[in-house]
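Data block below; observations after.
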């Protein structure tokens, strides 16, 4: 079996991994690639104070110690938990506490990274195993409960295991907020939705016994029971694997112990590899042996470490683009443009030219994009229309160097005609517009 490359950000320092080509693969996936599919676990929420489940100091271990359980903490998440009063009481107390923790917590840097990628239109889907709701709290990562398509489009975030924010009737499937119960009585409430309507209808027909309303319970999928929204989730997975074309598949903050999530990753990984896209594992520990051969890159790191490195990369490249080389239509959306970017070195590391979304370049380097389209005779009006405040700033941006006499350059400015060119010192031009100097020298073979 082929060796799977590993990028170790746990034990290696920044200096040790600088220049590692696998770091480039990782950052390119987050910064430049389209069609990202992310399968996330509780590891992306730990920095917000939300406990993981299966680690040695995770929630399952804590539950067993806190409630002095004779069973394992994992047994509290079994479908038969309500058959045992002591387990049910511990489970509901834990859910109430977890609900409070989640409400007080804030999305982590990794959540915000996913939000940014979604805003750029590069996130195809987020499959979350988390029940904390930190992701769906962000507008760009919102979902529907129950899971439904809107205008024939599924929400960006798919909750595989439900959410601590909701309760659902065991009988009529009505969904309500968990908040009233979390701040009220200990016992689970009866449904007041369709079940209550059925009861009133039966009350009006004296010959029938009044219907018993269903019981509301936390809308969290338990082991050994069919997950909530299972049919809808299956349709989304089928849509993403057989109709859409997934790009990089990122598995982050999970051990993939749940069979359904593991099979989901296998299906997506197969399609991603066929498309030539990477399949990346991100967690402090290596994947288990039954996952061998599934990933093209193993990254040992906390999720927020990745978010910090991506932020450092994007903060550098968004404003410090070396030059724009070419353009094309986005293969996934022909109404959008992508620009071929030559990136500057970051920390001594060279990056190959690659395509980036025009919108992202327009936000970070609008003057450079204006110059790029001016050279090609179009699309400049759209930039001014979208960013009218740039009008004044653009007047003082170098458009092109036209000529050189000794140590002075003849400069044409953005927004000014050929008759309004000025002569500027070479020293000044090297400071304010080095890319223009380089372009002029390359053109003249200097």
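Numbering (full-length UniProt numbering), first residue to last: 1 to 446.
Backbone N, C-alpha and C define an ideal beta-carbon position, used for all residues, glycine too.
Keep in mind the model is a prediction, meaning the values are calculated, not measured.
Beta-carbon separation (whole angstroms), residue i vs residue j, contact threshold 8 Å
| i | j | result |
| --- | --- | --- |
| residue 44 | residue 252 | 6 Å |
| residue 264 | residue 237 | 6 Å |
| residue 213 | residue 195 | 4 Å |
| residue 296 | residue 31 | Not confirmed; about 18 Å, so no contact. |
| residue 122 | residue 244 | Contact flag wrong, Cβ pair sits at about 13 Å. |
| residue 65 | residue 51 | No, residue 65 and residue 51 are not in contact; Cβ-Cβ is about 12 Å, not under 8 Å. |
| residue 250 | residue 29 | 7 Å |
| residue 26 | residue 280 | 6 Å |
| residue 33 | residue 227 | The pair is not a contact, with the Cβ atoms about 29 Å apart (cut-off 8 Å). |
Per-residue DSSP class, three states only, for residue i
| i | result |
| --- | --- |
| residue 413 | strand |
| residue 356 | strand |
| residue 330 | strand |
| residue 443 | helix |
| residue 402 | strand |
| residue 268 | helix |
| residue 254 | coil |
| residue 514 | Within the shown structure, residues of the chain are numbered from 1 to 446, placing residue 514 beyond reach of any answer. |
| residue 218 | strand |
| residue 341 | strand |
| residue 135 | coil |
| residue 224 | coil |
| residue 429 | helix |
| residue 242 | helix |
| residue 324 | strand |
| residue 160 | coil |
| residue 153 | strand |
| residue 294 | coil |
| residue 275 | coil |
| residue 191 | coil |
| residue 31 | helix |
| residue 50 | coil |
| residue 172 | coil |
| residue 84 | coil |
| residue 379 | coil |
| residue 283 | strand |
Whether residue i touches residue j by CB criterion (8 Å)
| i | j | result |
| --- | --- | --- |
| residue 298 | residue 17 | no |
| residue 341 | residue 353 | yes |
| residue 190 | residue 215 | yes |
| residue 114 | residue 38 | yes |
| residue 124 | residue 229 | no |
| residue 49 | residue 182 | no |
| residue 223 | residue 77 | yes |
| residue 146 | residue 175 | yes |
| residue 89 | residue 82 | no |
| residue 144 | residue 150 | yes |
| residue 148 | residue 283 | no |
| residue 356 | residue 338 | yes |
| residue 68 | residue 107 | no |
| residue 266 | residue 311 | no |
| residue 421 | residue 411 | yes |
Residue environment, residue i, which counts as buried when at least 16 other CB atoms sit within 10 Å
| i | result |
| --- | --- |
| residue 449 | Residue 449 lies beyond the residue range present for the chain, which begins at 1 and ends at 446; the question has no answer from this structure. |
| residue 419 | exposed |
| residue 274 | exposed |
| residue 395 | Because the pLDDT at residue 395 is just 35, under 50, the model does not fix this residue reliably, and the value given afterwards should be weighed accordingly. Residue 395 should be labelled exposed. |
| residue 309 | buried |
| residue 276 | exposed |
| residue 162 | buried |
| residue 225 | exposed |
| residue 41 | buried |
| residue 269 | buried |
| residue 185 | exposed |
| residue 153 | exposed |
| residue 334 | exposed |
| residue 104 | exposed |
| residue 111 | buried |
| residue 393 | The pLDDT assigned to residue 393 is 40, lower than 50, so where the model puts this residue is not dependable, and the model offers no usable value. |
| residue 365 | buried |
| residue 358 | buried |
| residue 290 | exposed |
| residue 246 | buried |
| residue 75 | buried |
| residue 19 | exposed |
| residue 79 | exposed |
8 Å Cβ cutoff, residue i in contact with chain D
| i | result |
| --- | --- |
| residue 437 | Of the protein chains in this structure there is only one, and it is not chain D. |
The ligand MG heavy atom lying under 7 Å from the CB of residue i
| i | result |
| --- | --- |
| residue 425 | This structure does not include the ligand MG; it has no bound ligands of any sort. |
At a cut of 8 Å, does the stretch 297-315 reach the stretch 2-22 through at least three beta carbon pairs? Two segments are said to touch when three or more pairs of C-beta atoms, one from each, lie closer than 8 Å; by this definition the stretch 297-315 touches the stretch 2-22.
Quick check: the stretch 419-432 against the stretch 401-411, are there 3 or more CB pairs under 8 Å? Because the criterion of three Cβ pairs below 8 Å is met, the stretch 419-432 and the stretch 401-411 touch.
At a cut of 8 Å, does the stretch 242-261 reach the stretch 120-135 through at least three beta carbon pairs? Yes, the stretch 242-261 is in contact with the stretch 120-135.
Within 8 Å, do at least three Cβ pairs link the stretch 222-236 to the stretch 147-167? Counting Cβ pairs under 8 Å, three or more are found: they touch.
Would the stretch 360-369 and the stretch 321-337 be scored as touching if the rule is three or more Cβ pairs under 8 Å? Judged by Cβ distances under 8 Å, the stretch 360-369 makes contact with the stretch 321-337, as three or more pairs qualify.
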